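For reference, the structure is listed below as structure tokens.
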Amino acid sequence: MQSSTSKLGNIRHVSTTLKSLGSLVGVSHQENAFSQISVAASPQKLYRSVNLNLPPMYCPTAQRPVKIYSFPTPDKVIIEAPTILSLLIEKVEPLTIIAPIVDPNQSAKLPMIAGPRMLTIRRKKMKKHKRRKRYNRDWFKYQKYHRQKKLKAEKVFRARMNDLMKSLENFDPMEHVTDTIKRAKREWSSDLTPSGKKKYPHWSEVMTIEELYNIEKSDYIDKRAGLPNEEDAQQIAQLRQKYELQYSRKTKVDGNNE
0 MQSSTSKLGN IRHVSTTLKS LGSLVGVSHQ ENAFSQISVA ASPQKLYRSV
50 NLNLPPMYCP TAQRPVKIYS FPTPDKVIIE APTILSLLIE KVEPLTIIAP
100 IVDPNQSAKL PMIAGPRMLT IRRKKMKKHK RRKRYNRDWF KYQKYHRQKK
150 LKAEKVFRAR MNDLMKSLEN FDPMEHVTDT IKRAKREWSS DLTPSGKKKY
200 PHWSEVMTIE ELYNIEKSDY IDKRAGLPNE EDAQQIAQLR QKYELQYSRK
250 TKVDGNNE
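Be aware that the sequence shown starts at 0, since it is given in numbering that gives the first Met the number 0, and climbs by one per residue.
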């Protein structure tokens with residue numbers, strides 16, 4: 000009895016919900032909803048479900064998928080129960096590619112609009128930023144480098160001071176006075192170059208060309224001076240011919256290296 004009363008309560012609940020849906024959706028949708036309920040739960044089935052003394056009745060096995068209607072809504076949705084026929088996969092032809100495949104992430108490169116000086120300023124700012132970052136990172140290394148540099152300068156300074164102290168200890172006042180007087184009595188010549196340096200004489204002013212080459216002085220000019228005689232000319236001609244045969248490009252192309 001409890002199960003029968005619960006089923007009757009469910010039917011009343013469904014009828015009340017259908018009435019509320021009819022007021023919201025409309026009369027046409029309400030009639031469809033009542034028709035679905037009438038198909039889903041006929042009076043005979045309800046009577047058999049309530050009366051527990053009668054044996055249950057089952058429908059024969061359907062070859063086609065059974066259409067199951069969902070809860071009444073404005074949009075009618077049909078859900079088919081899975082059967083052997085629904086598990087068969089139909090043979091589908093491959094789709095032909097009509098439009099070419101284009102990468103959606105590929106975008107056209109826009110030109111960079113900036114002044115010619117802006118790129119230089121940006122580069123200088125980045126260099127300054129990287130320099131500060133490197134200095135902060137290698138702080139102790141730079142401090143070590145500065146300490147070594149100062150220590151090296153201190154050693155050079157101390158060596159120079161030691162040399163000055165040694166020269167001070169070896170200083171002779173009388174020698175310094177005599178040297179100063181000697182330099183003061185020196186006569187300076189006024190023959191200077193335009194830049195103010197001392198002008199030294201050219202070798203032609205000091206000696207003649209005959210004295211330079213150690214020859215006798217003569218007014219005769221030999222026009223054949225420097226030209227070879229007959230024996231030297233023959234030797235020079237033979238050497239010239241040998242050079243042409245050995246190193247000339249024309250003989251290498253012809254192949255006559257003899």
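We put the beta carbon where it would ideally sit given N, CA and C, even for glycine.
Owing to the predicted nature of the structure, the values given are computational and were not obtained by experimental measurement.
Going by the beta-carbon positions, is the gap between Tyr134 and Tyr141 smaller than 8 Å?
-> Here the question's residue 134 lines up with position 135 in the sequence shown. Here the question's residue 141 lines up with position 142 in the sequence shown. One thing to note: Tyr134 has its Cβ within 8 Å of the Cβ of Tyr141.
Taking just the CA atoms, how far does Pro73 sit from Leu45?
-> The count along the sequence shown starts at 1 and reaches residue 45 at position 46. The count along the sequence shown starts at 1 and reaches residue 73 at position 74. Reliability of the predicted coordinates at Leu45 is poor, the pLDDT of 45 falling under 50, and no value is obtained from them.
Is the beta carbon of Ile214 sitting closer than 8 Å to the one on Pro227?
-> As a working note, residue 214 is residue 215 in the sequence shown. As a working note, residue 227 is residue 228 in the sequence shown. Taking 8 Å as the Cβ cut-off, Ile214 and Pro227 do not qualify as a contacting pair.
For Lys123, which residues does DSSP report across the bridge?
-> In the sequence shown, residue 123 corresponds to position 124, counting from 1. The partner list for Lys123 (beta bridge, DSSP) is empty, contrary to what the question assumes.
To the nearest whole angstrom, what separates the beta carbons of Lys198 and Thr192, a pair I think is in contact under 8 Å?
-> Taking the first residue of the sequence shown as position 1, residue 198 is located at position 199. Taking the first residue of the sequence shown as position 1, residue 192 is located at position 193. About 5 Å separates the two Cβ atoms, so the contact holds.
Which of helix, strand or coil does DSSP assign to Lys165?
-> Taking the first residue of the sequence shown as 1, we reach residue 165 at position 166. Per DSSP, reduced to three states, the secondary structure at Lys165 is helical.
Would you kindly report the start and end of the unbroken alpha helix (DSSP H) that includes Val101?
-> Counting from 1 along the sequence shown, the entry for residue 101 is found at position 102. Val101 -> no alpha helix (DSSP H), and no H or E assigned at all.
N- and C-terminal bounds of the alpha helix (DSSP H) containing Lys181 | Here the question's residue 181 lines up with position 182 in the sequence shown. Start and end: Pro172 to Ala183.
Rounded to a whole number of angstroms, what is the C-alpha to C-alpha distance between Thr179 and Arg131?
-> Locating residue 179 in the sequence shown gives position 180, where the first residue counts as 1. Locating residue 131 in the sequence shown gives position 132, where the first residue counts as 1. In a straight line, the C-alpha of Thr179 is about 57 Å away from that of Arg131.
Lys197, DSSP secondary structure in three states | The count along the sequence shown starts at 1 and reaches residue 197 at position 198. Strand at Lys197.
Check the DSSP bridge columns for Leu191 and list the partner residues they point to.
-> Residue mapping note: residue 191 aligns to position 192 of the sequence shown, counting from 1. According to DSSP, residue pairing for Leu191 in a beta bridge involves Lys197.
What is the DSSP secondary structure of Ile208, reduced to helix, strand or coil?
-> Working through the sequence shown from its first residue, we reach residue 208 at position 209. Residue state, collapsed to three classes: helix.
Where Pro73 sits in the DSSP three-state scheme = Start at 1 with the first residue of the sequence shown, and residue 73 comes out as number 74. Coil.
Return helix, strand or coil for Tyr246, following the three-state DSSP convention.
-> Numbered from 1 along the sequence shown, position 247 holds the residue referred to as residue 246. Here Tyr246 sits in helix by DSSP.
Length of the line joining the Cα atoms of Ile112 and Ala98 | Reading the sequence shown from its first residue, position 113 is the one you call residue 112. Reading the sequence shown from its first residue, position 99 is the one you call residue 98. Spanning the alpha carbons of Ile112 and Ala98 requires a straight line of approximately 35 Å.
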